[in-house]
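Everything on this sheet refers to the single structure shown next.
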Amino acid sequence: MGADVVVPAEFETALSLFERVLGIYDVPEEKIDDLVDQLRLENYGFLRSGVRRQTIQSIDGPDIHDQLGRCRISQRSVVVGQTIGELDVRAKTGVTIIAIQRRNQQIRNPGPDLQLQIGDEVSFVGSRSERTAANKLFLLTSRNTE
Numbered sequence: 000m001g002a003d004v005v006v007p008a009e010f011e012t013a014l015s016l017f018e019r020v021l022g023i024y025d026v027p028e029e030k031i032d033d034l035v036d037q038l039r040l041e042n043y044g045f046l047r048s049g050v051r052r053q054t055i056q057s058i059d060g061p062d063i064h065d066q067l068g069r070c071r072i073s074q075r076s077v078v079v080g081q082t083i084g085e086l087d088v089r090a091k092t093g094v095t096i097i098a099i100q101r102r103n104q105q106i107r108n109p110g111p112d113l114q115l116q117i118g119d120e121v122s123f124v125g126s127r128s129e130r131t132a133a134n135k136l137f138l139l140t141s142r143n144t145e
């Protein structure tokens, strides 16, 4: 009688580190848990005979960096002084705002009550058409609306 598969302690440490790194990159906790569970369910098969790249690539499908957008709020923008909730950004454009860079402060996962200010750099994620719609919204000036 013996073990069919020996799982090194280092593997669990690596999984823990992997979870932390994904957390730093703001991968949703639910997605991280699913991925780690999937890796464990695969009986650590990627430790034997090569890495299962499809599992790791399934984190967010296409590269998340291809879905990121940024826009700086100008002093002429009609969104200055409005909250994210008032603008209803997700419903109007489809993007999710993930951060605001305001001077030397980064505001991660801003809530609907956050008021946009001149110079804010808004970071968001969405499809190409959603990012285009968001840029149009953030760059809209009173001159554009007439």
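Counting from 0, one number per residue, gives the positions in the sequence shown under the numbering used here.
All C-beta atoms, glycine included, are put in the ideal place defined by N, C-alpha and C.
Note that this is a predicted model, so its numbers are computed, not measured.
When rounded, the separation of the alpha-carbon atoms in L86 and G125 is 17 angstroms. In the three-state scheme derived from DSSP, where H, G and I count as helix and E and B as strand, I72 is classed as coil.
At the C-beta level, Q114 and T82 come within 7 angstroms of one another. Under the three-state reduction of DSSP output, R130 falls in the helix class. Rounded to the nearest angstrom, the Cβ distance from D119 to R101 is 5 angstroms, consistent with a contact under 8 angstroms.
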